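In what follows, a single structure is set out as structure tokens and then discussed.
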Amino acid sequence: MTTDVRTGLRRFIDRLTATDSELDARDLQRESAKCGAVPAGQCTRGQVVSVSGRLRTVAYTPRTNLPTLEADLWDGSDVVTLVFLGRRSIVGIEPGRQLTARGRIAIRDDRKVIYNPYYELEAPR
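The numbering used here puts the first residue of the sequence shown at 27, with every later residue one more than the last.
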């Protein structure tokens, strides 16, 4: 058997035995790589990045002085929390929506965060 055939067979068996969430993570990672985004798992504090993925959760967090909208962006490798300061809601920012966000990575409570990111919504699928 040649190396290409073995590799193809191994990939086929991996797809058959993978869970739906594993397949979804692989698809998200592939889509993220296509648009040139940095995998969230490789992002470090202080780095200016472009991350792409699907919003898992969106939550309004009332603070004493400043309302905050927080959205968890998952790209198949890790989660980056997008924090929109001074916002209660944003049209199009909803769970399940695909988007690309750009900004500087910060760490808050051991989570990767981008404050007030520049973002582009992708067309619903």
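Glycine included, every Cβ here is placed at the ideal spot set by N, Cα and C. Here the structure is a predicted model, which means the values were calculated and not measured.
Three-state class that DSSP yields for residue i in the structure shown
i: residue 59; result: helix
i: residue 127; result: strand
i: residue 54; result: helix
i: residue 66; result: helix
Selection from the options that minimises the alpha carbon distance to residue i
i: residue 87; options: 120, 100 and 111; result: 111
i: residue 91; options: 114, 70 and 118; result: 114
i: residue 136; options: 118, 95, 106 and 99; result: 106
i: residue 128; options: 95, 104, 75 and 58; result: 75
For residue i: DSSP bridge partner residues
i: residue 79; result: 125
i: residue 116; result: Residue 116 is not bridged to any residue.
Residue environment, residue i, which counts as buried when at least 16 other CB atoms sit within 10 Å
i: residue 144; result: exposed
i: residue 60; result: exposed
i: residue 126; result: buried
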